[in-house]
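Remarks on the structure that follows.
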Amino acid sequence: AAFVDYDRDGDLDLYAANYMEFDPDQNEECFAGTVRIYCGPNTYPGQAGVLYRNDGGSRFADVTAEVGLADDSGRQLAAVFGDFDNDGDADLFVANDKRPNFLFLNNGDGTFSENGAEAGVAYNEEGLAESAMGADWGDYDNDGFLDIIVATFQWLPNTLYHNDGDGFFTDVTFAANLGVPSVPYLGMTSAFLDYDNDGFLDVFVSNGHLDENVEEYDPATTYPQRNQLFHNRGDGSFAEVTEQSGPGMLVERVSHGAVFGDCDNDGDVDIFVSDSAAPHCTLLRNDGGNANHYLTVEVVGTASNRDGLGARVRAVAGDLVQTREIRRSYGYMGSNDVRLILGLGDRTQVDTLQVHWPSGEVQTLLGVEADQHVVIRETSKERE
């Protein structure tokens, strides 16, 4: 589920992704050879996600059909909002399991149009609908346009869709060196984060199989698996740095959900990971990210929604230009720290810090010193 102000009226609406219509009385039995396993997503009919519009008071109304989101052909596992075409409206990417992904374009009039296939994100570069799990938006190459990272099932590569800036995306997974390292793992959460504060978004993927008995029918894999961290080289490609990232990254568990935020307020992003097969979770504290300079940005909406969800922050620090969006719901079944951590590398100030609010207002701060937490309150007139 994800909160969003899709109609830009100043209050938060809610989108809930749905998977399929499970009927326990049907009691389907599915097998891999002679080993009984969980049935796949195509065993049961799909369900459309639901969009609940906030009426500005204390009630929400189901507006799914009237806004154009009543598509039940998917098997939805992640729903993430982001303004991929830079028109000021929140668009919706939905990761589907063994079905083509959805990309719902916000038309700006309170309705959406699905154009995943036309935009190039419904299928991978081989023309296949993948078993998509978690997903995230992020501008990994700092070109001002949001790209998409998708975690997928084992023996499939996690997928990186590059936003070409003209309404189309290109699958650059293997060109970016994210394909081969991810194939042996079953990815669940995928997220962009700048773990080393160098100003380029890296990628974290939580891994773990779904079948407890997977080794009985596939000896090449295991139920618990290690997570993965990929460092952004700054040239459009990534390098896996899992083994160099500390013992916490090498533990093999059934890691599905993961959330991100600066839990100790030291200026770098930490990771909290849930474990589906044990009575505990894992907190991965980042002990090196703040070696580089940073700026933590918190926004407070007045005309826009209180958390500023959907606000776009543009930071210029010398030759480094970053574009980030304020979001809370991304990855897989998690709610994340709404504060932005802008990595600055060796730069000691942000020359220009600009916030584009959902209300349409734009605020600009000049000469903001690094290594601090700044709170930006929307200066436009508050809604009555």
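Residue 1853 is where the sequence shown ends in the numbering used here, and the numbering goes up by one at each step. C-beta atoms are modelled at their ideal positions from N, C-alpha and C, and glycine is treated no differently.
Give me, in chain order, the residues of the same chain whose beta-carbon lies closer than 6 Å to that of residue i; leave out the 5 immediate sequence neighbours on both sides.
i       : result
Asn1759 : Asp1735, Gly1736, Asp1737
Leu1789 : Gly1668
Ala1839 : His1762, Leu1764, Leu1813, Thr1817, Gln1818
Arg1754 : Asp1739
Gly1613 : Thr1792
Ala1539 : Ala1517, Thr1533
Phe1741 : Val1728, Leu1752
Leu1822 : Ala1784, Leu1834, Val1837
Phe1500 : none
Asp1610 : Gly1705
For a test of the three-state rule: what should DSSP assign to residue i, helix, strand or coil?
i       : result
Glu1853 : Because Glu1853 sits at a pLDDT of 36, beneath the cut-off of 50, its placement in the model cannot be relied upon, and the following sentence gives the value as read from the coordinates. Correct three-state label for Glu1853: coil.
Ala1534 : helix
Glu1858 : The requested residue 1858 does not occur in the structure, where the chain is confined to residues 1470 to 1853.
Ser1651 : helix
Glu1595 : coil
Gln1763 : A small fix is needed here, since residue 1763 is Tyr in this sequence, not Gln. Strand.
Thr1628 : strand
Asn1575 : strand
Ala1780 : coil
Met1802 : coil
Val1742 : strand
Asn1555 : coil
Leu1481 : coil
Asn1642 : The sequence as given places Thr at residue 1642; Asn does not occur at that position. Thr1642 falls in the coil class under three-state DSSP.
Ala1470 : coil
Thr1821 : strand
His1842 : strand
Gly1677 : coil
Tyr1513 : coil
Gly1726 : strand
Tyr1488 : coil
Glu1847 : coil
Can residue i and residue j be called in contact, C-beta distance under 7 Å?
i       : j       : result
Val1723 : Gly1648 : no
Glu1599 : Asn1593 : yes
Gly1726 : Tyr1654 : no
Leu1652 : Pro1626 : According to the sequence displayed, residue 1652 carries Val and not Leu. Yes. Within cutoff.
Val1674 : Gly1703 : no
Val1766 : Val1837 : no
Val1768 : Gly1777 : yes
Phe1571 : Phe1581 : no
Ala1471 : Ser1798 : yes
Asn1576 : Asp1560 : no
Leu1483 : Asn1774 : no
Leu1597 : Trp1606 : no
Pro1827 : Asp1474 : yes
Could you tell me the alpha carbon to alpha carbon distance between residue i and residue j, rounded to whole angstroms?
i       : j       : result
Asn1496 : Tyr1488 : 17 Å
Ala1548 : Tyr1686 : 31 Å
Val1641 : Asp1494 : 43 Å
Gln1623 : Ala1689 : 11 Å
Gly1701 : Gly1526 : One point to set straight first is that residue 1701 is Asn, not Gly, in the sequence displayed. Straight-line Cα distance between these residues: approximately 44 Å.
Arg1695 : Leu1835 : 43 Å
Gly1585 : Pro1569 : 8 Å
Glu1853 : Gly1579 : Caution applies to Glu1853, whose pLDDT of 36 falls short of 50 and renders its modelled position unreliable; the model cannot decide the point.
Ala1660 : Thr1792 : 16 Å
Arg1781 : Arg1522 : 22 Å
Phe1643 : Arg1846 : 41 Å
Asn1682 : Asn1511 : 21 Å
Tyr1507 : Ala1746 : 16 Å
Asp1806 : Asp1608 : 18 Å
His1749 : Pro1716 : 17 Å
Gly1787 : Asp1665 : 18 Å
Arg1796 : Asp1552 : 11 Å
Gly1558 : Asp1663 : The residue you asked about is not Gly; residue 1558 is Asp in the sequence shown. So the two alpha carbons sit approximately 25 Å from each other.
Gly1757 : Leu1811 : 15 Å
Gln1697 : Gln1713 : 11 Å
Phe1529 : Gly1803 : 22 Å
Phe1637 : Gly1829 : 25 Å
Which residues in the same chain have their Cβ closer than 7 Å to the Cβ of residue i, if we skip the five residues on either side of it in sequence?
i       : result
Lys1850 : Any answer about Lys1850 is weak, because its pLDDT of 47 lies below 50 and its placement is not dependable; what the coordinates show is given next. These residues qualify, in order along the chain: Ala1772.
Thr1628 : Asn1593, Glu1599, Val1619, Thr1621, Asp1640, Thr1642
Gly1543 : Gly1515, Val1563, Asn1565, Arg1568, Phe1571
Asp1633 : Thr1639
With 7 Å as the threshold, decide whether the Cβ of residue i is near any Cβ in chain B.
i       : result
Ala1839 : Of the protein chains in this structure there is only one, and it is not chain B.
What residues in its chain sit with their C-beta under 8 Å from that of residue i, if we drop five residues either side in the sequence?
i       : result
Phe1707 : Ala1645, Asn1646, Leu1647, Asp1671, Val1672, Phe1699, His1700, Asn1701
Pro1514 : Met1489, Glu1490, Asp1541
Leu1679 : Tyr1507, Leu1655
Quiz item: Would you call the segment 1597-1613 and the segment 1546-1560 touching, i.e. three or more CB-CB distances under 8 Å?
Solution: Output reads yes: the segment 1546-1560 touches the segment 1597-1613.
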